[in-house]
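Colleague: Before we start, here is the structure in question, set down as structure tokens.
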Amino acid sequence: MTFQDMPLIAPLLKATQEAGYTEPTPIQRETIPLVLEGRDVLGCAQTGTGKTAAFALPILQHLFAEKLDGSRKPRALILTPTRELAIQIQENFALYGKHLPLRSCVIFGGVSQVGQVEQLRRGVQIIVATPGRLNDLIGQGYINLSQIEIFVLDEADRMLDMGFIHDVRRVIAQLPAQKQTLFFSAT
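If you're matching positions, the sequence shown starts at 58 in the numbering used here and goes up one per residue.
Laid out in structure tokens, this is it:
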């Protein structure tokens, strides 16, 4: 099986081809069709096996296909434990979505929030965030998660090991009851 055999739209196939991807990894092969069907997924695969593409590609396809009158409100949220991982995931969304008119941003602490708030004001459909800064910006009224359709908890095991359970619960309490939920873990 190649990426060309996957049920992905042409702009995503073009991006995967430009990135040098030919064959999907097992986690991608198993996960992408399920996510595209709107199913909740718990995916477990070792680091470096392509978990990010396994959720990013179908999320991009869903958001592109289900346009909401040009809405630029967040419709997908990816929660991850570290700034480095958040930046890496955001870079992957930019790489895979470069041929689509979707906007994403990365939210993390340890830096000024000014640039992040400006991106949010311009409108984004996808937020990649660490829990602390996300909750902070929600509390300040900069982020509303009421229209989130897809929620991803990436590195779910590390998130809990690092003591983020209370922050994660606060985020989940802000999400609509009806949403697609994807959990990914390396263990």
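Heads up, the beta-carbon is just placed ideally off N, CA and C, and yes, glycines get one too.
With H, G and I counted as helix, E and B as strand and the rest as coil, what does DSSP make of A67?
Modeller: Helix.
Colleague: If you compare alpha carbons, which of H156, G107, E175 and G100 is closest to F241?
Modeller: Ranking the options by Cα distance to F241, first place goes to G100.
Colleague: Between the region 202-215 and the region 135-146, are three or more C-beta pairs nearer than 8 Å?
Modeller: Verdict: yes, contact present.
Colleague: Figure out for me which residue from T244, N201 and L239 has the closest Cα to the Cα of L227.
Modeller: Note on residue identity: the sequence assigns Arg, not Leu, to residue 227. R227 has its Cα closest to that of N201, out of T244, N201 and L239.
Colleague: Are there 16 or more other CB atoms within 10 angstroms of the CB of S161, so buried, or fewer, so exposed?
Modeller: When all chains shown are included, S161 counts as buried.
Colleague: Roughly how many whole angstroms lie between the Cα atoms of A76 and P90?
Modeller: The straight-line gap from Cα to Cα measures roughly 20 Å.
Colleague: Starting from G189, follow the alpha helix (DSSP H) in both directions and report where the run begins and ends.
Modeller: Residues P188 to G196.
Colleague: With which residues is F241 paired in a DSSP beta bridge?
Modeller: BP columns for F241 point to G100.
Colleague: Taking Cβ positions, are V168 and V185 nearer each other than 9 Å?
Modeller: In this structure, V185 does not lie closer than 9 Å to V168 by Cβ.
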